[in-house]
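Counting with my numbering, you get residues 27 to 507 for the letters of the sequence shown. Yeah, the Cβ is synthetic: ideal placement off N, Cα and C, and Gly gets one too. Here the structure is a predicted model, which is why all the values come from computation and not from measurement. Only one structure is covered here, and it is reproduced in the block below.
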Amino acid sequence: MKELCLRALDIAKEKGVSFADIRIVKHHTQIVTTEDERVSGIQDSESMGFGVRVLLNGCWGFAASKNLFRKEIEDVTLRAVEIARASSLAKMGSGVVFAPEEPHEAIFRTPVQKDPFKVPIEEKVNLLLGVNKEMLRVRGVKKAHSFMWFKSEERHLANTDGSFIESNTCTSTAECIATAVDEHTAKTRYFEAIPVNAGYEHIEGTPLLKEAQRVGEEAVAHLTAKECPQGKKDLILHPSHLALTIHESIGHALELDRVLGMEESLAGSSFATIDKLGKLKYGSPIVNIVCDNTDPTRLASKGYDDDGVPGQRWYIIKNGILVDYQTGREVCHTIGAEQSRGSCRADSWQSIPIIRQSNIGLEAGEEHLTLEELIADTKDGIYIEGMGSFSIDQKRLNFQFGGDCFWEIKNGKKTCMLKDVTYQAITTDFWGSCDAICDKRFWQPYGVLNCGKGDPMQIAQMTHGSSPVRFRNINVGGAKL
Ligand SMILES: [Zn+2]
């Protein structure tokens with residue numbers, strides 16, 4: 027592999043590029059899905075190829091191929107150079123400024139105890155059908171779905187900095203969904219082996235079978251739940267829910283290419299422009315948002331990003347103030363940073379790296395605080411678990427979120443279940459109303475597998491995390507579902 031990589035870099039250098047890289051990537055994906063008592067799908071696919079990126083006269087050229095032969099690597103590299111040369115005919119300004127980076131030689135691997143691709147399909151199917159059976163045993167549950175999803179990525183990345191990086195990551199998840207139906211409506215409830223970078227041991231370590239009955243019962247209870255009240259309520263959000271709110275209202279808003287207006291496809295631009303850096307009150311003083319691409323179990327971690335920059339841990343919001351962004355080598359100079367934060371990833375060998383969300387979490391509270399204590403301290407509120415619908419404007423400022431399961435809190439007690447709960451807020455008002463965060467014993471990571479960005483669209487994965495959190499006086503209800 028190294029020899030093939032070096033051949034591409036030598037050709038690019040001969041052509042006078044200021045930077046070049048080559049990524050050889052192999053993906054293996056397996057998805058097993060079941061419905062009630064039957065297997066509804068088994069997909070097992072592999073994709074392997076390479077992409078060459080060059081920077082010439084301040085412009086990018088990129089070309090890719092699935093044919094991993096020396097001659098093809100030479101031809102594809104020359105094609106990338108030609109594309110860069112053609113692009114430079116229409117160069118805007120002085121062209122790309124690409125931040126310097128040290129050379130790195132490294133091997134990074136997700137710690138995997140049990141390779142999920144070596145576990146027999148039969149074993150996976152038996153577990154999923156067993157889970158479905160438990161959910162269907164609950165009176166009122168009419169439909170049971172479940173799936174397992176595994177993805178591995180082997181990557182060889184070499185660039186003209188002198189870096190040669192190998193990474194081997196593996197993501198595992200499973201989920202079950204119960205649907206309860208009565209004469210009026212249908213309601214669902216889900217439970218998951220949270221997507222993490224780990225092997226099949228993660229599935230075995232998650233009590234899918236044990237929780238199936240509760241999942242079914244909560245789907246049924248959801249049918250007769252009380253309507254969502256309207257007005258201002260305190261919200262207590264479980265990490266399984268807050269993950270999506272962090273993703274949409276902070277994660278996307280603080281991708282520097284989006285902030286600069288260089289990338290607006292799918293999720294728009296951002297209100298958090300660079301003139302606000304170091305000044306904007308994004309949240310209350312207890313809101314500390316950390317990016318962490320150093321923990322190998324989280325989905326955005328692969329040792330080094332596709333720009334060849336090491337995974338890092340840094341604050342983007344500190345004591346409620348906007349202090350940094352997620353950056354790549356091409357844009358970090360716009361905020362005066364000399365080096366990238368290492369947030370550039372491509373979703374395959376045939377895609378170019380773009381800025382993607384890191385693993386972004388809300389730091390746990392410093393004071394000793396349990397979820398039960400937080401509920402006991404809340405007079406009139408709603409407790410929300412799980413992800414549901416969401417909607418957010420093109421500046422990431424004005425949003426509405428649903429969820430998966432909701433309970434009313436009255437005078438410090440979790441009382442009845444609610445249905446069709448939605449809440450609406452302005453991003454900075456919402457995070458500004460955060461007044462209590464449970465301590466680190468309750469901090470949980472939640473993986474997101476299907477974040478779309480770019481045109482053509484690329485799909486990325488990342489992990490968000492928090493402890494249970496309270497937000498005061500948030501507008502709830504009023505949405506037509
Ligand atoms: Zn997203």
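Considering Cα atoms alone, identify which of His210, Trp340, Thr453 and Val349 is closest to Asp419. Within the sequence shown, numbered from 1, the residue matching residue 419 stands at position 393. Nearest of His210, Trp340, Thr453 and Val349 to Asp419, Cα basis: Thr453.
Give me the residue from Val447, Thr211, Leu30 and Ser384 with the minimum Cα distance to Lys258. Residue mapping note: residue 258 aligns to position 232 of the sequence shown, counting from 1. Out of Val447, Thr211, Leu30 and Ser384, Val447 has the C-alpha closest to the C-alpha of Lys258.
Between the stretch 464-472 and the stretch 369-376, do at least 3 Cβ pairs fall closer than 8 Å? Short answer: they don't touch.
Rounded straight-line distance, which links the Cα of Pro126 to that of Val285: Translated into the one-based positions of the sequence shown, residue 285 becomes position 259. Translated into the one-based positions of the sequence shown, residue 126 becomes position 100. So the two alpha carbons sit approximately 22 Å from each other.
Spatial neighbours of Leu400 in its chain, beta-carbon cut-off 7 Å, leaving aside the 5 residues before and after: Position 374 of the sequence shown, counting from 1, holds the residue named residue 400. The residues are Ile262, Ala462, Cys464, Pro494 and Arg496.
At a cut-off of 7 Å, is His273 close to ligand 1 when judged by its beta-carbon and the heavy atoms of the ligand? To locate residue 273, count along the sequence shown from 1; it is residue 247. His273 Cβ: within cutoff of ligand 1.
State the beta-bridge partners of Cys442 as determined by DSSP. For the purposes of this step, residue 442 is identified with residue 416 of the sequence shown, where counting begins at 1. Per DSSP, Cys442 has no beta bridge partner at all.
What do you get for Cys442, buried or exposed, if any count of 16 or more other CB atoms within 10 angstroms of its CB means buried? By 1-based counting over the sequence shown, the position of residue 442 is 416. Cys442 comes out exposed.
Any non-hydrogen atom of ligand 2 closer than 7 Å to His278 Cβ: Ligand 2 is absent from the structure shown, which contains only ligand 1.
Would Gly121 and Asn158 qualify as a contact pair, given that the criterion is a beta-carbon distance under 8 Å? Numbered from its first residue, the sequence shown carries residue 121 at position 95. Numbered from its first residue, the sequence shown carries residue 158 at position 132. No, they are not a contact pair.
Hey, how far is the Cα of Val151 from the Cα of Val145? The residue you call residue 151 lines up with position 125 of the sequence shown. The residue you call residue 145 lines up with position 119 of the sequence shown. For Val151 and Val145, the distance between alpha carbons rounds to 11 Å.
Between Glu281, Ala293, Arg96 and Lys344, which has its C-alpha nearest Leu306's C-alpha? To locate residue 306, count along the sequence shown from 1; it is residue 280. Checked all of Glu281, Ala293, Arg96 and Lys344; the closest Cα to Leu306 is Lys344.
Counting only runs of 4+ residues fully inside the stretch 267-314, write out the alpha helix (DSSP H) ranges in chain order. The stretch 267-314 contains these whole alpha helix (DSSP H) runs: 282-285.
Buried or exposed: where does Ser266 fall if 16 or more other Cβ atoms within 10 Å of its Cβ makes it buried? The sequence position of residue 266 within the sequence shown is 240, counting from 1. Flag for Ser266 reads buried.
Could one say the Cβ of Met488 lies closer than 8 Å to chain D's Cβ atoms, at least one of them? You won't find chain D in this structure, because it holds only one protein chain.
Rounded distance between the beta-carbons of Ile380 and Asp283, thought under 8 Å: Against the sequence shown, residue 283 aligns to sequence position 257. Against the sequence shown, residue 380 aligns to sequence position 354. Confirmed, Cβ separation roughly 7 Å.
Tell me the DSSP secondary structure of His248 in three-state form. Taking the sequence shown and counting its residues from 1, one reaches residue 248 at position 222. Correct three-state label for His248: helix.
In the DSSP assignment, what are the bridge partners of Gly511? Residue 511 falls outside the range modelled here, since the chain spans only 27 to 507, and no answer is possible.
Say yes only if the C-beta of Cys529 is nearer than 7 Å to one or more non-hydrogen atoms of ligand 1, and no if none qualify. No statement about residue 529 is possible, as the shown extent of the chain runs from 27 to 507 and does not include it.
Note down the Cα distance separating Gly387 from Asp141, rounded to an integer number of angstroms. As a position in the sequence shown, residue 387 is number 361, starting the count at 1. As a position in the sequence shown, residue 141 is number 115, starting the count at 1. Cα to Cα, the separation comes out at about 28 Å.
I need the DSSP call for Met483, collapsed to helix, strand or coil. Within the sequence shown, the letter at position 457 stands for residue 483. Met483 falls in the coil class under three-state DSSP.
Could you check whether the stretch 391-398 touches the stretch 247-258, counting it as contact only if at least three pairs of C-beta atoms, one from each stretch, sit closer than 8 Å? No: fewer than three Cβ pairs fall under 8 Å.
Could you check if Gly478 is buried or exposed, using at least 16 other CB atoms within 10 Å of its CB as the buried criterion? Walking along the sequence shown from the start, residue 478 turns up at place 452. Exposed, by the Cβ-count rule.
Using a threshold of 8 Å, state whether the C-beta atoms of Cys431 and Glu244 are closer than that. Position 405 of the sequence shown, counted from the first residue, corresponds to residue 431. Position 218 of the sequence shown, counted from the first residue, corresponds to residue 244. Result yes, Cβ atoms of Cys431 and Glu244 sit closer than 8 Å.
Using the rule of at least 16 other Cβ atoms within 10 Å of the residue's Cβ for burial, across every protein chain shown, is Gly309 buried or exposed? Along the sequence shown, read from residue 1 onward, the residue named residue 309 stands at position 283. Gly309 comes out buried.
How many angstroms separate the CA atom of Ala184 from the CA atom of Lys92? Within the sequence shown, residue 184 is the residue found at index 158, counting from 1. Within the sequence shown, residue 92 is the residue found at index 66, counting from 1. Spanning the two alpha carbons is a distance of roughly 17 Å.
What residue range is occupied by the uninterrupted alpha helix (DSSP H) comprising His54? For this step, residue 54 is matched to residue 28 along the sequence shown. First-last for His54: Phe45 to Glu61, but that is the beta strand (DSSP E), not the alpha helix (DSSP H).
Considering only heavy atoms of ligand 1, does any lie closer than 7 Å to the CB of Ala462? Taking the sequence shown and counting its residues from 1, the one referred to as residue 462 is at position 436. No - ligand 1 has no heavy atom lying nearer than 7 Å to the Cβ of Ala462.
The beta strand (DSSP E) enclosing Leu325, as first and last residue numbers: Along the sequence shown, one-based indexing puts residue 325 at 299. Note, Leu325: premise wrong, no beta strand (DSSP E); not H, not E.
Mind reading off the beta-carbon distance from Val138 to Gly225? Whole number of angstroms is fine, and I expect it under 8 Å. For the purposes of this step, residue 138 is taken as the residue at position 112 of the sequence shown. For the purposes of this step, residue 225 is taken as the residue at position 199 of the sequence shown. Rounded, the Cβ-Cβ distance is 4 Å, consistent with contact.
Would you identify the three-state DSSP class for Gln450, choosing helix, strand or coil? Counted from its first residue, the sequence shown places residue 450 at position 424. Looking at Gln450 - three-state DSSP - the assignment turns out to be strand.
For Ile381, three-class secondary structure by DSSP: In the sequence shown, counting from the first residue as 1, residue 381 sits at position 355. Strand.
Just verifying my parser: in three-state terms, what is the DSSP assignment at Cys458? To locate residue 458, count along the sequence shown from 1; it is residue 432. A small fix is needed here, since residue 458 is Gly in this sequence, not Cys. Here Gly458 sits in helix by DSSP.
Would you check whether ligand 1 has a heavy atom nearer than 7 Å to the C-beta of Ala451? Residue mapping note: residue 451 aligns to position 425 of the sequence shown, counting from 1. Not under cutoff, so the answer is no.
Alpha carbon to alpha carbon, how far is Ala206 from Ser172? Within the sequence shown, the letter at position 180 stands for residue 206. Within the sequence shown, the letter at position 146 stands for residue 172. Roughly 15 Å separates the two Cα atoms.
Would you call Leu154 buried or exposed, if buried means 16 or more other Cβ atoms sit within 10 Å of its Cβ? Numbered from 1 along the sequence shown, position 128 holds the residue referred to as residue 154. Buried: at least 16 other Cβ atoms inside 10 Å.
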